[in-house]
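For what it's worth, UniProt numbering labels the leading residue of the sequence shown as 1, then goes sequentially.
Below: one structure, written as structure tokens.
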Amino acid sequence: MAPHLAGSKKRRREPVNVNTKLMEIYEDLASENDEVRLKAAQELVSQFTPDKSPGDEDIQKALQRLFRGLCSSRKAARIGFSIALTEMLTQVFAVGRSSSLDVQGVLGVWKGVSDASGGESGQEARDHHFGRLFGAEAIIKSGILFNPKTLLREWTKVLDLVFDLAKKKPWIREECGWIVYRCIHDLASQKADGKLVEVAIERLCSNDLARTPEGVAIWLAAKDMFSDISFVSKMWKHDDPLDSKERNQLAKVMKESSTETDGEGDKGAKASGFWNSKLHFAWDAALASLNGTKNSKSRLNFVDFWTEIVDNGLFAAASSEERKYWGFSLFIKVINEHSLQLASLVFTKNLIRCLTNQLAVEDRYLHRMAVKAAKAIQARVAKEPAFAAASVKGLMGSAGAVNFDQITKTKTVEKIVSEANLDALNTILPLFEQLVASPGTTDSKAAASNRQVLASLLLSMVRARVSASDAADEASEAALERILFIFARFAYFTSEGGKGSAQPLFTQQSQELFRSRINSSLNSIIAAQKHAATLPYAIVRKIRDAAKSEEFGKFIIGMDGALKDSVKGAFKALKRLSSMEKKETAAGVEAFKLLYSMTILQVYNGDADAASMLDELDFCYNKFFADKKSNKEEETSEASDALVEILLSFASKQSQLFRRMSEQVFTAFAPNVTATGLESLTSVLEAKESLAGQQEMFDQQDDEDAEEDEDEDMMDVDEMDSDVEVVEPEDNDKDDDASLPSDQEAQEDDDDDGEDAAEIAAFEAKLASALGTHRADQDLNEEESESDADMNDDEMEEIDNQLVKVFRARRDALSKKNDKKDAKETMVNFKNRVLDLLEIYVKNKTCHSSLLALDLILPLLRLTRRSSVKQISNKANSVLREYTKLCKGASLPTLRSEDVEAVWELLRAIHAEAMHSGPPAHASGCSQASLLVVKVLTAHDKEAVKGVVDIYGDTRKAQLLSSKCHVQPTFFTDWNNWCVSAGKAMKN
């Protein structure tokens with residue numbers, strides 16, 4: 001012993017045996033890793049299995065340690081210790097096991113360890129409260145209170161401790177109620193004695209917790225699962241919180257607005273005192289009970305429950321934002337989790353009003369919850385398209401607003417109707433038709449706005465339906481036909497005195513809008529090539545029938561006798577075409593049906609040229625189909641030429657609908673196009689992109705305005721929601737991008753600016769002359785103007801007359817300039833459409849392999865060079881490139897002896913065209929076209945290569961000697977490359 005410790009009187013501490021393995025297990029039980037916690041719990045419980053024969057003292061220590069761990073403030077401690085405690089209690093009190101430790105002793109340990117004596121800090125007290133809560137849950141889950149026999153006294157003690165904690169600490173009351181609520185479910189699954197539940201209900205009432213959300217949930221669970229037990233009387237009418245006579249009290253309880261006493265004098269529990277964003281489990285209990293099969297006549301149904309408790313409770317105008325938050329959470333829960341039947345019933349007035357208001361403004365408190373609710377609706381519709389009908393009715397019906405999307409600045413309804421299936425559409429369409437007729441307002445302007453919204457939604461339905469997988473079905477066709485007739489009913493009829501007359505009456509602008517929506521709908525249908533011939537025919541037939549019956553009012557389109565006869569004849573032809581279509585798949589039958597239907601629709605739209613087009617169509621129809629005996633080749637050619645003219649008249653309109661319609665018809669009849677028809681197409685390409693060109697093409701006789709305006713750029717036209725065609729640049733080779741050099745563009749801009757400046761200067765000069773003044777920056781050394789002198793009335797009147805003339809001249813000049821710009825836009829659009837038709841033509845094998853197609857080469861080359869619009873130039877070159885690419889091998893045109901000289905002239909003309917200066921695309925096009933013609937000539941006669949060499953030689957001479965020859969080097973490079981490959985083939 002050390003000297004300095006010799007006199008020490010301290011007792012030596014006895015060595016303590018520490019079970020380090022057990023300490024590690026307890027440490028791991030508090031780990032945040034799930035796997036570590038579960039492994040530790042398993043190791044701990046394995047030490048107390050019957051085969052290990054643990055002593056009572058060890059069990060007692062372990063229980064104390066586990067209960068104490070439940071009171072820990074470490075994040076995962078309560079979870080790990082709760083799992084271990086539950087399993088350990090199950091092991092210790094297993095059937096047939098002998099132990100001096102009883103349930104009463106376990107409850108004593110639990111109560112003693114988790115008791116907050118009052119000397120702890122606030123956080124320590126909270127930890128003890130949670131320890132008691134988790135301990136109660138472990139005891140109940142372990143089943144030691146119920147197996148092998150029911151221990152009512154101990155069960156009652158546990159309930160009292162839990163309810164006492166819930167009563168004293170409202171912030172933990174929901175968790176306390178949840179434990180008992182889940183216990184009732186477990187007892188029901190185990191078919192336990194109902195006396196246990198009776199005790200739970202009795203202790204619930206004794207602690208004044210029956211009229212709380214937790215109490216309602218526990219009561220409903222007991223009533224639904226143990227209907228034969230006795231309930232505490234006079235707590236709820238008919239012992240049911242969901243009784244219809246309890247709706248007011250239930251509403252107060254569920255939104256936690258009850259305070260000290262109830263209406264009948266029973267003492268009530270205090271409100272929880274704090275707000276939890278998580279939805280209370282009592283709502284799940286109430287919804288589950290409402291869905292039960294034991295609902296009595298006096299009980300609330302779901303609609304009444306939702307209206308009274310949720311809509312008039314949580315979503316009342318005076319309700320707090322926090323309660324509305326709960327309301328949105330409940331709404332989302334029903335939409336996501338419950339049946340279609342229940343989800344269809346939750347679109348109530350106050351809820352939709354709140355949803356609309358919160359969606360409309362981003363900085364509102366519940367905006368994010370409203371967005372979440374809207375997305376939940378869309379997600380349910382995407383998952384279950386049948387839900388679209390209920391959603392649309394809820395958002396736009398009596399509880400919502402027709403312009404819901406516009407108010408909320410979202411596309412909620414638009415996305416919903418786009419996802420709707422056929423069954424939903426059949427429910428939505430009558431609603432929309434009713435809303436179009438009566439849009440919920442007497443104000444004409446507001447009604448027009450609402451009708452525009454509905455028209456856009458109907459158009460969205462059409463576009464979604466034609467792209468759906470079942471779009472080709474008859475049911476889908478019927479739905480599309482119904483939508484089209486909703487448009488037609490209000491677009492072409494007055495509705496006065498008719499079935500379902502519109503209030504207020506449609507304005508002319510609204511009717512024009514609906515007519516444009518018909519065109520947009522047909523545009524989508526024709527583009528998808530589903531029902532492209534049947535639906536246009538069906539809609540014009542319905543319009544005709546409604547005009548005869550006046551079922552929806554008077555027909556607003558006036559037609560004279562001759563026009564009526566033309567329309568009548570067109571319908572007869574359509575009827576014959578329909579019967580012909582059933583018997584045989586004649587080429588062009590559907591195309592003619594479409595053409596007839598669209599022309600009749602143009603008549604209904606008041607197009608002055610449509611009547612003559614019907615007569616021409618009738619001529620074409622007779623030559624192609626009806627008059628088969630006299631269907632000679634020249635007559636068929638004449639009909640084909642007339643058909644091309646009709647298609648050009650449609651193509652000239654700035655509309656995607658007529659573009660696609662003309663393309664579809666032209667595809668069917670392209671092989672029948674004659675030289676005259678092809679010349680009609682190419683003549684458009686040769687026309688100038690100016691007012692003069694427009695007058696030339698459309699037979700306008702205003703020579704004064706017939707001036708070229710080739711330096712104007714084409715204005716972009718936005719399609720928006722109509723079917724007006726957008727002319728957009730197309731992607732081409734990099735060489736084509738240089739077709740309009742930047743210095744040329746800059747020069748054009750400078751010219752425009754200079755022209756504008758000159759116009760302004762001229763206007764100012766005329767204005768100064770009329771007023772007798774000059775600009776401040778002009779010569780100030782001139783004599784003093786006498787403008788300040790007094791003028792008599794005659795002089796003033798003379799000045800007024802001169803001013804009128806000056807401003808009229810200025811207005812006419814501006815109008816003329818706008819006419820030029822509009823004319824250029826028209827011609828550019830027309831050329832685009834013709835190039836689309838020519839592309840269809842050259843892609844047809846019968847067409848590009850015919851000698852007639854060679855007539856396209858020069859017009860396309862000249863358009864590539866001459867066009868002031870880069871997009872047109874590139875597109876013309878693209879068509880030519882496609883043609884030359886397809887003409888090879890067996891597809892190469894076969895030359896006849898009588899055509900040889902014409903083809904030689906074509907080759908010389910191509911070489912003359914190559915000498916002109918143009919964009920790179922023009923040079924490459926000339927080379928490709930020249931080689932194509934060379935192939936045609938040499939395929940007919942190998943000796944023709946001698947003449948070809950001479951022509952190329954002459955072009956080379958011109959390149960060397962003439963300053964006016966601008967042929968590009970690649971022209972000869974391509975020729976040399978062809979000579980190498982062709983020479984080998986000729987020698988073989």
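Quick reminder that beta carbons are idealized off the backbone N, C-alpha and C, glycines included.
Three-state class that DSSP yields for residue i in the structure shown
i, result
"Arg364", "coil"
"Arg299", "strand"
"Asp243", "strand"
"Phe650", "helix"
"Ser93", "Just to set this straight, residue 93 is Phe in the shown sequence, not Ser. If DSSP states are grouped into helix, strand and coil, Phe93 belongs with coil."
"Phe493", "strand"
"Phe315", "coil"
"Phe130", "helix"
"Phe555", "strand"
"Asp950", "helix"
"Ala399", "coil"
"Gly69", "helix"
"Trp904", "helix"
"Asn33", "coil"
"Ser329", "helix"
Of the residues the options, the one placed nearest residue i, counting alpha carbons only
i, options, result
"Ser329", "Ser339, Phe315, Gln341, Leu340", "Phe315"
"Ala939", "Asp954, Ala985, Glu913, His966", "Ala985"
"Ala921", "Ala912, Arg862, Val948", "Arg862"
"Ala570", "Val684, Ala532, Glu616", "Glu616"
"Val948", "Gln959, Ser917, His911", "His911"
"Phe48", "Ser73, Met23, Ala94, Asp160", "Ala94"
"Gly80", "Ser114, Ile25, Arg132", "Ile25"
"Leu70", "Val113, Asp102, Asp58", "Val113"
"Ser456", "Phe404, Thr441, Val334", "Phe404"
"Asp304", "Asn248, Glu322, Asn276, Val936", "Asn248"
"Gly561", "Tyr537, Ala611, Glu32", "Ala611"
"Gly400", "Trp178, Gln341, Ile352", "Ile352"
"Gln654", "Thr846, Arg833, Leu279", "Arg833"
"Ile179", "Asn207, Ile139, Leu614, Leu932", "Ile139"
"Ser549", "Lys821, Ser495, Tyr537", "Ser495"
"Cys965", "Thr973, Asp974, Thr955", "Thr955"
"Val361", "Lys409, Tyr325, Leu340", "Lys409"
Contacting residues, own chain, Cβ-Cβ under 7 Å from residue i (five flanking each side not counted)
i, result
"Lys141", "Thr86"
"Ser850", "Pro893"
"Leu209", "Phe163, Ala166, Lys167, Gly215, Ala269"
"Ala472", "Lys530"
"Arg515", "Ala491, Asn605"
"Ala573", "Tyr596, Asp618, Tyr621"
"Leu852", "Ala675, Leu678"
"Ile600", "Val540, Val567, Ala570"
"Ser917", "His966"
Own chain partners of residue i with C-beta closer than 6 Å, once the 5 adjacent residues on each side are dropped
i, result
"Thr914", "Sequence check: residue 914 is Ala here, not Thr. Excluding positions up to five away in sequence, the list reads Cys926, Val967, Phe971."
"Ile332", "Ala373, Ala376"
"Ser652", "Phe830"
"Thr864", "Ser873, Ala876, Asn877, Ala921, His922, Gly925"
"Ala528", "Val466"
"Lys237", "Asp243, Lys245, Glu246"
Beta-carbon proximity list for residue i, same chain, < 8 Å, skipping 5 on both sides
i, result
"Asn350", "Asp311, Asn312, Phe315, Ala316, Ala317"
"Gly606", "Ile557"
"Ala532", "Ile525, Ile526, Glu590, Leu594, Gln664"
"Glu419", "Gln378, Val381, Ala382, Pro385, Ala388, Ala464"
"Glu174", "Pro213, Glu214, Ser272, Asn276, His280, Phe281"
Beta-carbon separation (whole angstroms), residue i vs residue j, contact threshold 8 Å
i, j, result
"Leu152", "Lys191", "With 8 Å as the limit, Leu152 and Lys191 do not qualify as a contact, their Cβ atoms being about 17 Å apart."
"Glu198", "Ser230", "6 Å"
"Ala390", "Ala343", "7 Å"
Residue i at chain B interface by Cβ criterion, 7 Å
i, result
"Arg153", "Protein chain content of the structure displayed is limited to a single chain, and chain B is not contained in it."
- Query: Of all the alpha helix (DSSP H) runs that stay within the bounds of the segment 99-169, which reach a length of 4 or more residues?
  - Reply: 103-114, 122-142, 152-168
- What beta strand (DSSP E) runs, 3 residues minimum, are completely inside the segment 171-229? none
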